[in-house]
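The next block holds one structure in the form of structure tokens; read it before the comments.
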Amino acid sequence: MFTGIVQGVAEVASITDRPGLRSFRLRFPPGFAQDLAIGASVASDGVCLTVTALHGADQADFDVMQQSLGLTTLGTLKEGDRINVERAAKDGAEIGGHPLSGHVDFTATLAEVRQPENNHVMRIEVPARWMRYVFAKGYIAINGASLTVAEADRQAGWFEVWLIPETLRMTTFGQKRPGDRLNIEIERSTQVFVDTVRDALEERLGPLMPALEALMRQQGLSADELTRPLPAPGR
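With full-length UniProt numbering, you'll find the sequence shown wraps up at 235, consecutive numbering, no jumps.
Laid out in structure tokens, this is it:
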């Protein structure tokens, strides 16, 4: 498990491609790899990878299967690229973000970047089938970073996050440009809640569900609004 608090930025030192498998060597920032062991897990741009070999005090190798290469942005990385990294959480670790599995659900496109004073806003386009799990004030993980959704437009298919200077300092987000692809992991409790409520609605309404969805679309709404989780106290 990971906390979604990025601990540093690593550089892709080398890449070796073999049939159905890609091996990375990552160069970590000073101190990141202290006591790192073979078999340990490291979230790399949000993808949980296993250490297969160690090289000196600051480099390690990882293997990525074809399925993960196709589902994430790791298949497009080049030598010299920089990625967000976080080591697996230890027992008793403070969860400063929200619990992450390191299993990316899909990739999304950075549509727009705005930079109001002392802030950095990213608007991200999401495939339609995944927008049902994205709610304003809810959590989402982008390239391994736990972030809060500021705004979400389910009909248009986008959401926005606002980043403070510290987040930009500790991650690669400041270098991202419109058109870049991003790894997204949705918040699991939100997914379970939405799917459970949606299944209950479909079971109870049966053939009336398409009519309800059509009626809500006429009002500029989505049936997914019926599955919106109640906000937690203080959020």
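For every residue, glycine included, the Cβ atom is placed at its ideal position computed from N, Cα and C. Note that the structure is a prediction, hence the values are computed from the model and not measured.
Check	Outcome
8 Å contact criterion, which leucine 26 and valine 12 should meet: CB distance rounded	6 Å
Spatially closest choice to isoleucine 124 from Glu117, Val134, Pro116, Asn118, by CA coordinates	Val134
Beta-carbon gap between glycine 97 and alanine 141 smaller than 9 Å	yes
Test item: CB-CB of glutamate 112 and valine 42 under 9 Å	no
Proximity of phenylalanine 32 and leucine 77 at Cβ, strictly below 9 Å	no
Outcome for serine 146 when other beta-carbon atoms lying within 10 angstroms are tallied against a minimum of 16	buried
Segment limits, beta strand (DSSP E) that includes threonine 16	8-18
Beta-carbon proximity list for arginine 181, same chain, < 8 Å, skipping 5 on both sides	Thr73, Thr76, Thr107, Ala108, Thr109, Leu110
Residue nearest to valine 64 in terms of C-alpha spacing, selected from Pro165, His103, Gln7, Ser189	His103
Best match in Gly144, Glu187, Gly157 for proximity to glutamine 7 [C-alpha to C-alpha]	Gly144
Own chain, CB closer than 7 Å to leucine 54, minus 5 neighbours either side, in chain order	Leu36, Ile38, Ala60
Cα-Cα separation between arginine 235 and threonine 52, rounded to whole angstroms	For arginine 235, the pLDDT reaches just 45, beneath the cut-off of 50, and the residue's location in the model is therefore unreliable, although a value from the coordinates is still provided. Computed Cα separation, rounded: 40 Å.
Per DSSP, the bridge partner or partners of glutamate 125	Thr109, Trp158
Residue burial classification, threonine 196 (beta-carbon count within 10 angstroms, cutoff 16)	exposed
Buried/exposed call for alanine 156, threshold 16 Cβ in 10 Å	exposed
DSSP three-state assignment for methionine 1, whether helix, strand or coil	coil
Beta-carbon proximity list for valine 126, same chain, < 6 Å, skipping 5 on both sides	Ala108, Gly157
Cβ neighbours of tryptophan 130 in the same chain (closer than 6 Å, five flanking residues each side left out)	Phe106
Pairwise C-alpha distance: proline 210 and glutamine 34	55 Å
CA-to-CA distance, proline 207 to isoleucine 5, given in whole angstroms	44 Å
Own chain, CB closer than 6 Å to glutamine 191, minus 5 neighbours either side, in chain order	Tyr133
As assigned by DSSP and simplified to three states, the class of alanine 40	coil
For methionine 131, the first and last residue of its enclosing alpha helix (DSSP H)	Neither: methionine 131 is in no alpha helix (DSSP H) and is coded neither H nor E.
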